[in-house]
Amino acid sequence: MWQRSVRMSPKPLLLFLGITAVTVVTAQGSRRRGGKGSNPAVYHSEDNYEWTTWFNVDHPGGRGDYEQLEAIRFYYRARVCASPRAIEARTTEWVPARETGEKVHADPTVGFWCLNEEQGPGRNCSNYAVRFLCPRDPDNTVNIQESWGPWSGWSTCPALCGQVGVQIRHRKCHAAPCSGSKVEGKACDGPECPKIVCSLECVVGKVNADCDACTCEEHLLLGSVRSAGGLIAEGAAILRSGKLLTITDHNGHFRLPGVCADGNTTLTFSLQGHATQDVVVPTSSQRTSVLTVQLKRTEKLHMLSHPESKTRREGQTAAFCCKVAGIPQPNKYQWFHNNSLLENWSDNTLVLKGLRREQAGEYYCRASGPSGTIKSKPATLRVLGKDENSCNPQPESHLIRLPHDCYQNSTDSFYYDVGKCPSRTCVGQLDNGIRCKDKVAYCCGVAKMEERQLTCRGYQLPTMVVTECGCQKCVDTKAIVHGRAIAADNGEPMRFGHIFMNGVRISRTGYKGTFSIQVPPDTERLVLTFVDNMQKLVNTTKVLPFNTKGGAVYHEIKLLRKKAPITISSAETNTLELGEVEGQEAMVQIQIPPYSFFKENGEVFTGNVNASVTFLDPRDVSTAAAAQSDLNFVGDDGDTLPLRTYGMFSVDFRGEENNEPLNAGEVQVFLDSAQVRMSEHLSTMKLWSLNPETGLWEEEGSLHVEKKKRGKREERTFLIGNMEIRERRLFNLDVPENRRCYVKVRAFRSERFMPSEQVEGVVVSLINMEPTAGYSSNPRAWGRFDSVVTGPNGACLPAFCDERKADAYSAYVMANLGGEELEAVPSAPKFNPNIIGVPKPYLDKLNYRRTDHEDPRLKKTAFSMNVAKPSPNAAEESNGPVYSFENLKECEEAPFSAAHFRFSRVEGDRYDYNTVPFNEDDPMSWTEDYLSWWPKPLEYRACYIKVKINSPHEINVRSRNMGGTHPRTVGQLYGLRDTRSIRDMDQPTLSAVCLEFKCSGMLYDQERVDRTLVKVIPQGSCKRDSVNSMLQEYLVNHLPLAVNNDTNEFTMLAPLDPLGHNYGIYTVTDQDPRTAKEIALGRCFDGTSDGTSRVMKSNEGVALAFTCGDREVTRQSVFQTLQSSPGQTATSAGRGEGRQNRRRQRANQPRSSRKRSARNPAAGRVQVKN
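For the sequence shown, the residue numbers in numbering that gives the first Met the number 0 are 0 to 1169.
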C-alpha cells in the first residue's frame, strides 16, 4: 500500500515526538554509506535548524484537507526553505494529528494531506496546520544561552535498518522571556541492513537505493491527470513499483524529478472512483518531458452470463459457469448451493462429477473485486435416478374451445381436453463433455398423438389429442421485443432514432417510431438506450423484459421531451430550479460555481452555455412510464436491490457558439427536505448516476442535511450533495428501500378466467405510490415503476410493502399485450372476490379498486391496491396474492388455485380452431405434425383475405382450411377461423372483414408444397357478387383451379406467392406468430401492402364481395358458445346474454372514445344511426 499514515505501524519516514505531542515526519535519506561523507537528508541541531511558523492554506471541504508544500510556497514564498527536513501537523484546535484518530499522510518533500473518504462513516477531516524544519538563517541568530537551562541528553535513535530517524533533546527556560526552541532534533541512521545484491540494470540513469527503479537526476517529468469526462483529477496518486511518488495538485498537475524517460519506466495512476491505469513514460532525450493521462471511470462488476439450469441423472456430470465484466476484473469467485458456500471452488466454473441426489437444488456464483461484488441468478439442478423418467409420460390436462356449432353432450360443454406436455428441460442424450451450455437442449414434448372425431352440428370435427409425452430436442425459438418509441407528453413518434445496446447501435426506429429487435442468445437483462436523432427527446435507457422461451413482447417506450435550453454565463454562479408540478415549490436546485464548465479535452470553457436540464417529477404520476431503467442497483453483497426515486434529471450543457458538449465539475445539488415525506429517508438519501450499458444505478455520493437561505426566501432545510457531470448525463435522487414484496398477477384470453386460457407475453406494470396513511405524504407522488412479462404461470411484480400498516404503500397495476390494454376485473357495482381472484378478508385489507370504481367514464384497464405484506399469523394471507420478498420462488410456482389478481382481453367476435393445438404465446408448444397450422417454427407466415359485405347487418364469416395438394393432408382439416365483419363508418349498409386462412407452402418436413384448400363461407343468406379480377386471373394461371359452383361461398387453392393489396390478399412472415398476424391485419384494415390502420376501410384492397339478406345473425348462430364455461349446459346459454350485451355495448361506443385494434377487430365498433 502506497499511503504513509500516522495511524499505521512505523514506516521509514515516521517519528512521534512525545514532548511536543505533534506529528513529525522526516525526509527520506539514502542508505548508509559506511560512514563516508554526510547524509543530505539528515538535519543537525547545533543551532543549524529551526521550525517555521504554522501554515494553513486549505480547509477540509470537498475531498479533504491538502497542505501541500508547493501551495504554501506559492502563498508564502521565502518563508519555507527549499528542502525541509521534517514536518509537524496539528489541528487548528491544537490537537496533534496522531491524537485525532484520523488517517492522515505526510511527507516533508510533498506536504500533508487528509482524505475525507478514508475517515469513518459520517466523518470528515479536521482542519490542519503544518510547519517545516528548515536550516537557520545565520544572520538572525540570537544569543539566548543565558536564559535557558542546559540541554538534556539525546534520546535513543528510533530508526530501524536502513531508515533515517530523529533524536531529540530539550531544555527549560529559567528566565522569561525565552526565545528559540525548547526542543531540538537531529537526524540519525538506523543500523546497517544486510547487504542485498541488486540485479537491476539501467540503460539510462542509475539504480536507486531500493533497487526497484532507475533514476535520472537531471530529468524532470511534468504532467496533468484528467478524470472521466476530462475534468481535473485533483488528488490522484502517482506510484512507481507500488510506492507513492506524489499526488496531483488542485489543477490536476504533477512534477516528478528524477524519473527516467527511457520507455521502460511504468507509473501507476490511481483516483477514487476511477480504474487504476499504468502508463509507460515515453522515451525522450530532453531534460523535461510532459505526460498527459486520461483516467476512466471504474466499471462496476456486472453479469454477462448466468449459470444455466440443467437436468442430469445420478453419476453424470454438470458444469455451471458465470461470466462477469468490470474494470478492474473480479479477483474472487464463490459458489453457493442452496445458499450454502461451497468451500473448494474459487473459479468462475463449477464442475460437479458423479452427481448424487442430495446435490440437486439451486446454484449461484458471487464474484468480487476492487470494483464491487455481484451475484448471478440461481440455476436449478435436477438429479434423477438412472432409470427415472425425466418427463412424465402422462399428459397434463389442456382444454380447448370448440366452434360455436360443436357442443359436446359427453362433457356438457363447448370444451374438449386435448392434453399437453409440460415445458421443462429433461435429460436426453448427453455426451461426456464438460461445458457451460449443453450442446443440445432437451425438453419434454409430444411423443404420441391420436386423432379424434368430434360430432358437431352437421359435420365431424377432427382434433389431435396428446396421449404420451417424452424427452426430445427443444424447439428452436427466438425472443423478440418490438413496439413504438414516442414522446411522453403528446405521443409524437421518435422518427428514425438510434437504438444502442452495450454502447453499439443495433437498430433504428421507423417513421412512426416502431422498432423490432431480436434478443441475442443467453441475454438475461436486455438494456436498450433510445437516442433521438432530432435531439428533441431525452436519451432514454430502458430495461425491457422479454419472454425467455421465445416469441415477441410489445413495449411502448415513452421519452421525456427535452427542456428548452436557457443561456447562462460560465463566469457566474448559476442556480437552476427543477420541478414540474404547477403551484408547488421546486423539488431540486442545481448550483454551478463560476468557471466550472470544461470542454471534453479538459480545457476550462469560458463563454455562454446553453443549459437544458429535464426533470422527471415523481409528484406527477403520469411521468412514471417515462422513468429511466428499472431503478435497481447492486448492493455491497452483490444483490440487485430496488431504489425509490425522489426525482431524475437529465442534463445537456453546450457551448453557445459551436454547440460543443460540455462537462461540469463541482456542481452542488439541493433537495428540499420538505419534499421527503418519510423522515427515515433523510439519512439514506443518495445521488446516483445511470450506467447506460448495464441499466443499473451507481452511487455518486451521499447528501447531508443543512439549513440554507436561498435568495430572499425564508430559511429552509436542504439535502445537499456534490457531483461532477462527465460522460454520464442522467442522475437520480434515490433511497434504497428494504420493505419489499411480490404481487401475483395473471392474464387471460377472456372473462372466463380459465387456466388453459392464460396469456403469455403480457407486459404487466406496477407503479409504486408514495406512502399515504400514517406517513402524511402526498398520495399523488410515485416512487418506482416495474414491468414483468407473464409466463405460463402468470407474473410476480416487485412492490414496496409494509406489514404494520396495510395502507402504508399503495400501487397501480396495468397490463398491455401488443399495444392493447387489458381490462382488470371490476370492483363496482358488484364486488365479487371469486372473480377478482382473492378471497376475503385479505381482499378488504388490500382495498382492491378498479380505476372506474367511482367514475364509470374512466378506463377499466388498471386497478389500485394497498400492498399489505402478508402476516405470518394470518392463515388466509399465506396463499397470495402478495408474497414476502424472500418467497419469490413460492410466488412464481404458486398453483392456479392460489390467490392472484386478474386481467383479461376485451374479447372480440372471432374464433380460432387448430386441429393440432398450438399456443401462440408459447412457441415451444409447436408440434411436428403434417396438420400443424404453422408448419415451421421461427418462420410464422400469416395470411388474410379481405371480404366486403353488402348488408345492413354485420355478418360472421368462416374460413375452412384443408389440405389441397399434399398427399399426406389432402382433404384433412388444418383449422377454422371465424370473424365478424365491421360496419363501415360512412356507409351503414356496408361492412368488411379481414379473414385469416392457412398459407400455402412447405409442410413441417420441408419436402413438398401443399396449396391449402380454403373455403370462405359467410353465415346466413348470402350470395357472392364478385371476385377480384387480379386474384381470379392468378388462380386461373396457377393450376389446379378449385371448383366454385356454390355462389353462397368461395373456394380457392391458396396462392403460394405473397400477392398484396391489389389482389385482396395480405401475407406477412415474422419470427413471432402474433406479430405476423398483427402486421397483416393492419395492412388488411388499411387496404395497402405497406401501411397500417386500426380503422376498417371497406372499399380498399378487397378480394371478394358478398351480398347478404336482411336477417341479422342471432346469438345462437354466431359464436354462441364463446361465453360458455366448462360444465355449462345448453339450457344455461341464456345466462350469458347479459355479458354478451355488455360486450356489444363496449364495441359500439363512439369511435372518438375507443380506437379499433387491428389485433382485436371488435374493439371500437361504432353505432350507426339510420
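We treat Cβ as the ideally placed atom computed from N, Cα and C, and that holds for glycine.
Closest to residue i by C-alpha separation, out of the options, would be which residue?
i: Lys419; options: Ser375, Asp404, Lys447 and Thr410; result: Lys447
i: Tyr910; options: Arg356, Glu995, His899 and Lys868; result: Glu995
i: Pro1176; options: Ser764, Asn918 and Gln667; result: This structure does not reach residue 1176, given that the chain is present from 0 up to 1169, and the question cannot be answered.
i: His534; options: Glu387, Val552, Ala486 and Val526; result: Residue 534 is actually Gln in this sequence, not His. When only C-alpha atoms are compared, the closest one is Ala486.
i: Asn123; options: Ile1064, Lys598, Leu429 and Ser701; result: Ser701
i: Val603; options: Gln583, Ala570, Glu584 and Ser621; result: Ala570
i: Lys472; options: Gly427, Tyr1062, Phe529 and Gly1108; result: Gly427
i: Ile498; options: Ser515, Gln1005 and Leu842; result: Ser515
i: Arg356; options: Phe319, Lys331, Gln315 and Gln971; result: Gln315
i: Glu1185; options: Pro828, Pro329 and Ile834; result: Any answer about residue 1185 is impossible in this case: the structure gives the chain only from 0 up to 1169.
i: Pro1054; options: Asn1043, Asn532 and Gln1031; result: Gln1031
i: Ala85; options: Val224, Val109, Ala991 and Arg62; result: Val109
i: Cys443; options: Asn388, His481 and His249; result: Asn388
i: Leu842; options: Pro832, Ser903 and Phe648; result: Pro832
i: Ala861; options: Trp344, Thr850, Val1008 and Cys187; result: Thr850
i: Gly694; options: Arg715, Arg727 and Gln667; result: Arg727
i: Ser226; options: Leu642, Gln293 and Arg856; result: Gln293
i: Ser412; options: Thr424, Asp801, Ala1041 and Ile399; result: Ile399
Based on the DSSP secondary-structure assignment, which residues constitute the bridge partners of residue i?
i: Gly646; result: DSSP, once it has assigned bridges, lists no residue as partnering Gly646.
i: Asn721; result: Gln667
i: Phe335; result: Leu340 and Tyr363
i: Trp50; result: Leu132
i: Met1171; result: Outside the modelled stretch of the chain, which goes from 0 to 1169, sits residue 1171, for which no answer is possible.
i: Pro95; result: Arg89
i: Ile589; result: Leu575 and Val668
i: Asp416; result: Leu398
i: Ser506; result: Ile498
i: Glu555; result: Arg483
i: His169; result: Val182
Tell me whether residue i sits in a helix, a strand or coil according to DSSP, three-state version.
i: Leu615; result: strand
i: Gly1081; result: helix
i: Ser958; result: strand
i: Pro564; result: coil
i: Asp801; result: strand
i: Thr1031; result: Here residue 1031 turns out to be Gln, not Thr, going by the sequence shown. Gln1031 falls in the helix class under three-state DSSP.
i: Tyr841; result: helix
i: Arg1114; result: In this prediction, Arg1114 has a pLDDT of 36, which is less than 50 and means its spatial position is unreliable; nothing more can be read from the coordinates.
i: Thr622; result: helix
i: Ser672; result: helix
i: Ser903; result: strand
i: Ser678; result: helix
i: Phe604; result: coil
i: Arg456; result: coil
i: Ala105; result: strand
i: Leu543; result: coil
i: Ile1016; result: strand
Return the Cβ separation of residue i and residue j in integer angstroms, given the expectation that the two are a contact with Cβ distance under 8 Å.
i: Cys1171; j: Cys197; result: There is no way to answer for residue 1171, as the model of the chain reaches only from 0 to 1169.
i: Glu876; j: Ser870; result: 5 Å
i: Glu705; j: Ile719; result: 5 Å
i: Val537; j: Lys561; result: 6 Å
i: Val465; j: Pro394; result: 4 Å
i: Glu795; j: Lys743; result: Note on residue identity: the sequence assigns Cys, not Glu, to residue 795. Correct: roughly 6 Å between the Cβ atoms.
i: Asn126; j: Pro59; result: 5 Å
Counting contacts by CB-CB distance shorter than 8 Å, is residue i in contact with chain B?
i: Thr574; result: Note that chain B does not occur in the displayed structure, where there is just one protein chain.
Which full runs of the beta strand (DSSP E) of 3+ residues lie inside the region 208–242, going along the chain?
213–225 and 236–239
Fully enclosed by the region 854–925, which beta strand (DSSP E) runs are 3 residues long or longer?
861–865, 881–883, 900–903 and 909–913
Please give the ranges of any beta strand (DSSP E) in the region 254–304, keeping only runs that are unbroken, at least 3 residues long and fully inside the region.
265–269, 276–279, 287–293 and 298–304
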